[in-house]
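First the structure, in the form of structure tokens, and then the observations on it.
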Amino acid sequence: MTVLTPLNLTTAEEIKTALEFVGIDWEPSAQPPTVPGLLYVWGIHAVSGNSLEDFAVLYIGKDVTAGKRLEDEHSWSGDEYVHGHALAVQRTQMSPLAGNPSLKLAQPAEDLRAQISHLVSIGMNGTANTREEVDRCLLALDLLHSLNLAIIETFAIRLSVHFGDVGAPINCSGKNAWAVKSKNGNPLDALAYWVSLHLKESALARPEEAPHQNTSWI
């Protein structure tokens, strides 16, 4: 017996905004360029329309094959398949958005590092963070700016964990993103936590200006 319940999931807009906050441009599209190095999300629009703000993310992945991976995942959705992702595609009628991450050039790197250092150091509820936590987040920033697609995928998955009630609920292939036991996993999780917290608090403080709101998906 199944249970129908609302579940707050991260949106494509939240992931895009968080990546921009750490200096990475990502313009997801339903018709992405056929180039290697795509970060993609599968999801559904919670309301009628095509806005990133209501696109609830159910799955996050990377495509290093100029669209071949996405083509494969589209092909899995035939009735003869029992792949878990394929079944979810059929049952929810979800669709993918994808884009090629790139470095933002508008903000000098030293300014961004200072911004992240300040954000993390102030902590929350009047309790400042340790220098170790700040350094972890700065390491994560350096890792992200290498534009290693697996690292960006891991960061996006951790963002989904911290923005929503749960992470993207369909299992992602970036296994290290879930346990964060790897050498690089913990710094990425730390940065994802503080960035998502900051953006959520900013949205609550200025709801009329907030470009991203968690999507309720049933």
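In full-length UniProt numbering, the protein residues as written are 1 to 218.
We put the CB at the ideal spot given by N, CA and C, even for glycine.
>> Beta-carbon within less than 6 Å of alanine 210's beta-carbon, same chain only, minus the 5 sequence neighbours each way: which residues are those?
In response: Counted from its first residue, the sequence shown places residue 210 at position 210. Bear in mind that the predicted position of alanine 210 carries a pLDDT of just 47, short of 50, making it unreliable; the figure below should be weighed with that in mind. Counting only Cβ-Cβ distances below 6 Å, and skipping sequence neighbours, we find Ala203.
> If glutamate 53 sits next to glutamate 13, beta carbons under 8 Å apart, how far is it from one beta carbon to the other, in whole angstroms?
Replying inline: Residue mapping note: residue 53 aligns to position 53 of the sequence shown, counting from 1. Residue mapping note: residue 13 aligns to position 13 of the sequence shown, counting from 1. At roughly 4 Å, the Cβ-Cβ gap stays under 8 Å, so glutamate 53 and glutamate 13 are in contact.
>> My parser needs the alpha helix (DSSP H) runs of 4 or more residues fully inside the region 22–77; what are they?
In response: Counting whole runs of 4 or more residues, the region 22–77 contains the alpha helix (DSSP H) stretches 68–75.
> Are there 16 or more other CB atoms within 10 angstroms of the CB of alanine 114, so buried, or fewer, so exposed?
Replying inline: Indexing the sequence shown from 1 puts residue 114 at position 114. Around the beta-carbon of alanine 114, fewer than 16 other beta-carbon atoms lie within 10 Å, marking it exposed.
> Who are the Cβ neighbours of threonine 2 in its own chain at under 7 Å, not counting the five residues just before and after it?
Replying inline: Within the sequence shown, residue 2 is the residue found at index 2, counting from 1. Around threonine 2: no qualifying Cβ.
> Relative to the alpha-carbon of alanine 98, which residue among Gly37, Ile157, Phe155, Tyr193 has its alpha-carbon at the smallest distance?
Replying inline: Stepping through the sequence shown from its first residue, residue 98 is reached at position 98. Alanine 98 has its Cα closest to that of Gly37, out of Gly37, Ile157, Phe155, Tyr193.
>> Measuring CB atoms only, is the region 154–162 touching the region 188–200, in the sense that at least three cross pairs come out at less than 8 Å?
In response: Between the region 154–162 and the region 188–200 there are three or more inter-stretch CB-CB distances shorter than 8 Å, so the stretches are counted as touching.
> When the Cβ atoms of the region 27–45 are set against those of the region 90–105, are three or more pairs found closer than 8 Å?
Replying inline: Note that the region 27–45 touches the region 90–105; at least 3 beta-carbon pairs, one per stretch, sit closer than 8 Å.
> If you follow the alpha helix (DSSP H) that glycine 84 is part of, which residue opens it and which one closes it?
Replying inline: Here the question's residue 84 lines up with position 84 in the sequence shown. Looking at the DSSP string, the run of the alpha helix (DSSP H) that includes glycine 84 is 84–92.
> What three-state label does DSSP hand leucine 119 in the structure shown?
Replying inline: Residue mapping note: residue 119 aligns to position 119 of the sequence shown, counting from 1. In the three-state reduction of the DSSP assignment, leucine 119 falls in the helix class.
>> On the DSSP letters alone, give me the boundaries of the alpha helix (DSSP H) that serine 160 sits inside.
In response: In the sequence shown, residue 160 corresponds to position 160, counting from 1. 149–163 is the extent of the alpha helix (DSSP H) around serine 160.
> With distances taken between CB atoms, is the gap from glycine 164 to threonine 5 smaller than 7 Å?
Replying inline: In the sequence shown, residue 164 corresponds to position 164, counting from 1. In the sequence shown, residue 5 corresponds to position 5, counting from 1. It is not a contact, given that the beta carbons lie outside the stated cut-off.
>> I need the DSSP call for proline 96, collapsed to helix, strand or coil.
In response: Start at 1 with the first residue of the sequence shown, and residue 96 comes out as number 96. In this structure, proline 96 counts as strand in the three-state DSSP scheme.
> Would you report the Cα separation of valine 64 and threonine 92, rounded to the nearest angstrom?
Replying inline: Here residue 64 corresponds to residue number 64 of the sequence shown, with the count starting at 1. Here residue 92 corresponds to residue number 92 of the sequence shown, with the count starting at 1. Valine 64 and threonine 92 have their C-alpha atoms some 26 Å from each other.
>> Does alanine 210 come out as helix, strand or coil in the three-state DSSP assignment?
In response: As a working mapping, residue 210 is identified with position 210 in the sequence shown. Summary for alanine 210: the model assigns pLDDT 47, below 50, so the residue's position carries little reliability; its value from the coordinates is reported in the next sentence. Residue state for alanine 210 is assigned as coil, using DSSP reduced to three classes.
>> Relative to the C-alpha of glycine 84, which candidate in Asn171, Leu70, Ala177 has its C-alpha closest?
In response: On the sequence shown, residue 84 is found 84 positions in, with the first residue counted as 1. Of the candidates Asn171, Leu70, Ala177, the one whose C-alpha sits nearest the C-alpha of glycine 84 is Asn171.
> Is the beta carbon of valine 120 less than 7 Å from the beta carbon of cysteine 137?
Replying inline: Within the sequence shown, residue 120 is the residue found at index 120, counting from 1. Within the sequence shown, residue 137 is the residue found at index 137, counting from 1. In contact: valine 120 and cysteine 137 (Cβ atoms closer than 7 Å).
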